[in-house]
Amino acid sequence: MTDTLSETGGELLAGQPLRVVERDGVRYTLLGTAHVSAASVQAVEQAIGSGQYDAVAVELDPQRLQALTNPDALAQLDLIEVIRKNRIALFAANLALAAYQRRLAEQLGIEPGAELKRAVTLAQERGLPVHLIDRDVGLTFRRASQRLGFIGKLKLVAGLGAGLFSSEDVGEDEIEKLKQGDMLESSFGEFASESPALYESIIGERDRYMATRLREERSDSQRNVLAVVGAGHLAGLARYLETDTVAPGPLRQALEAVPKKRNVPWITLTILAVILAGIGVGFWKGGMGMGADMLATWALYTGGLAGLGALLAGSHPLSIL
């Protein structure tokens, strides 16, 4: 098994962080992207257009893929069902992230996650297998929330409130840093030191989960696989893909396990109040269109779980990318 950092493959690919891991007879090319970068979309197009890959894997789960490729599905969102199934905290986190990422997208003129959507589209056009390797967003959030103490829950509510109500533009200097793959990857170092437990659930566990999914999908007919993931996952994914020796089936089950809770905690009720307040402000500031848009777009951006971690830890929202 080998892991190499590559800067070959053309000018556009050289601008994006790239790692190559060879294991079990498969060569995995891990392309790190920024989820709001036109350069990342171009890098994906160049990589798949080269014709050298047998399959394409993306940092998506089925729910997020549906949100990216079928926006009409979001109109079927049932807020009452979200509350009944005790998914309020998950809903609030994604609503706040959607508001933040929408502002960022409006500044840059590109849809967040466009490079992932493009990777799936191009792979399907070429008849290549597409592997969705990310863990279900609900599982990740529930596992992360179990690690929070009282102070952590307070930070969660404060972070969600800030995400819902903020309307400030993102600074140009910070945006440029986000577009640099090495800066994106290294930005999680500070986050890890601030809240190692949350980092493990939101970033570390997903790194290992995605590596496990790649191993699960191994096939003799797929010897050269391209994996498109956020740059913040690149180092961890490469490490687990190279070194993990636990069988992928049992490991995946362990990473998906979530102990059930019977009672609805106070944090859920508090977050519900934050959600309703945020939606109310949306209707008040922008009318029916803005308020409805806040409800309709939250699921599209559930890939920003790194940003959720930053919010939980009290970090700047820009570390989401």
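Quick note on numbering: our numbering labels position 254 of the sequence shown as 254, and the sequence is numbered without any gaps.
Think of the CB as a built atom: it goes at the ideal place given N, C-alpha and C, for glycine as much as any other residue.
Review point. For N224, which beta-bridge partners are listed by DSSP?
Key: As a working note, residue 224 is residue 224 in the sequence shown. Answer by DSSP bridge pairing, in chain order: R27.
Check your understanding: Going along the chain, which residues of its own chain have a beta-carbon closer than 7 Å to the beta-carbon of A238, five neighbours each way excluded?
Key -> Taking the first residue of the sequence shown as 1, we reach residue 238 at position 238. The answer, listed in chain order, is D3, R19, V21 and L30.
Exercise for review: Please classify G127: does DSSP put it in a helix, a strand, or coil?
Suggested key: Residue numbering aside, residue 127 sits at position 127 when the sequence shown is read from its first letter. DSSP places G127 in coil when its eight states are reduced to three.
Review point. Could you give the C-beta distance for A57 and V225, rounded to a whole number, given that I count them as a contact under 8 Å?
Key: The sequence position of residue 57 within the sequence shown is 57, counting from 1. The sequence position of residue 225 within the sequence shown is 225, counting from 1. Between A57 and V225, the beta carbon gap of about 6 Å places them in contact (Cβ cut-off 8 Å).
Check your understanding: Taking just the CA atoms, how far does V228 sit from A119?
Key -> Residue mapping note: residue 119 aligns to position 119 of the sequence shown, counting from 1. Residue mapping note: residue 228 aligns to position 228 of the sequence shown, counting from 1. Taken atom to atom, the span from the alpha-carbon of A119 to that of V228 is near 8 Å.
Exercise for review: Check whether the Cβ atoms of G230 and G15 lie closer than 8 Å to each other.
Suggested key: Mapped onto the sequence shown, residue 230 falls at position 230. Mapped onto the sequence shown, residue 15 falls at position 15. Judged by beta-carbon spacing, G15 lies beyond the 8 Å limit of G230, meaning their Cβ atoms are not closer than that value.
Point to revise | Coil, strand or helix - L122 by DSSP | key: Locating residue 122 in the sequence shown gives position 122, counting from the first residue. Reduced to three states, the DSSP call for L122 is helix.
Check your understanding: How many angstroms separate the CA atom of K117 from the CA atom of A123?
Key -> Counting from one through the sequence shown, the residue named residue 117 turns up at place 117. Counting from one through the sequence shown, the residue named residue 123 turns up at place 123. A123 has its alpha-carbon roughly 10 Å from the corresponding atom of K117.
Review point. Would you call T243 buried or exposed, if buried means 16 or more other Cβ atoms sit within 10 Å of its Cβ?
Key: The residue labelled residue 243 in the question sits at position 243 within the sequence shown. Exposed, since its Cβ has fewer than 16 Cβ neighbours within 10 Å.
Review point. Which of the three DSSP states, helix, strand or coil, is assigned to N70?
Key: Within the sequence shown, numbered from 1, the residue matching residue 70 stands at position 70. Taken through DSSP and simplified to helix, strand or coil, N70 comes out as coil.
Point to revise | With 16 other Cβ atoms within 10 Å as the buried cut-off, status of A257 | key: Here residue 257 refers to the residue found at position 257 of the sequence shown. A257 should be labelled exposed.
**Study point:** Bridge-paired residues (DSSP) for V58
**Key:** Sequence index remark: in the sequence shown, residue 58 carries index 58 (1-based). Per DSSP, the beta bridge partners of V58 are L132 and V228.
**Study point:** S50, DSSP secondary structure in three states
**Key:** Against the sequence shown, residue 50 aligns to sequence position 50. Assigned with DSSP and collapsed to three states, S50 falls in coil, not helix or strand.
Practice item. With DSSP as the reference, label S145 as helix, strand or coil. Key: Residue 145 sits at position 145 when you count from the first residue of the sequence shown. Here S145 sits in helix by DSSP.
Review point. In angstroms, rounded to a whole number, what distance separates the CA positions of G149 and R143?
Key: The count along the sequence shown starts at 1 and reaches residue 149 at position 149. The count along the sequence shown starts at 1 and reaches residue 143 at position 143. Taking C-alpha positions only, G149 is separated from R143 by approximately 13 Å.
Check your understanding: Beta carbon of E125, beta carbon of S40: below 8 Å?
Key -> Along the sequence shown, one-based indexing puts residue 125 at 125. Along the sequence shown, one-based indexing puts residue 40 at 40. No, they are not a contact pair.
Check your understanding: Taking just the CA atoms, how far does L68 sit from L139?
Key -> Indexing the sequence shown from 1 puts residue 139 at position 139. Indexing the sequence shown from 1 puts residue 68 at position 68. In a straight line, the C-alpha of L139 is about 19 Å away from that of L68.
Check your understanding: Which two residues bound the contiguous alpha helix (DSSP H) that contains T243?
Key -> If you number the sequence shown from 1, residue 243 lands on position 243. L234 to T243 is the span of the alpha helix (DSSP H), which, as asked, contains T243.
Exercise for review: Would you grab the beta carbon distance between V36 and A105 for me? Rounded to a whole angstrom, and I think it's under 8 Å.
Suggested key: Here residue 36 is taken as the residue at index 36 of the sequence shown, counted from 1. Here residue 105 is taken as the residue at index 105 of the sequence shown, counted from 1. Contact flag correct, Cβ pair sits at about 6 Å.
Review point. From what residue to what residue does the alpha helix (DSSP H) around R213 run?
Key: Translated into the one-based positions of the sequence shown, residue 213 becomes position 213. R213: member of the alpha helix (DSSP H) spanning E205 to E216, first to last residue.
Check your understanding: What's the C-alpha gap between Q253 and E216?
Key -> For the purposes of this step, residue 253 is identified with residue 253 of the sequence shown, where counting begins at 1. For the purposes of this step, residue 216 is identified with residue 216 of the sequence shown, where counting begins at 1. Cα to Cα, the separation comes out at about 12 Å.
Check your understanding: Would DSSP call S40 helix, strand or coil?
Key -> Along the sequence shown, read from residue 1 onward, the residue named residue 40 stands at position 40. When DSSP states are grouped into helix, strand and coil, S40 belongs to the helix group.
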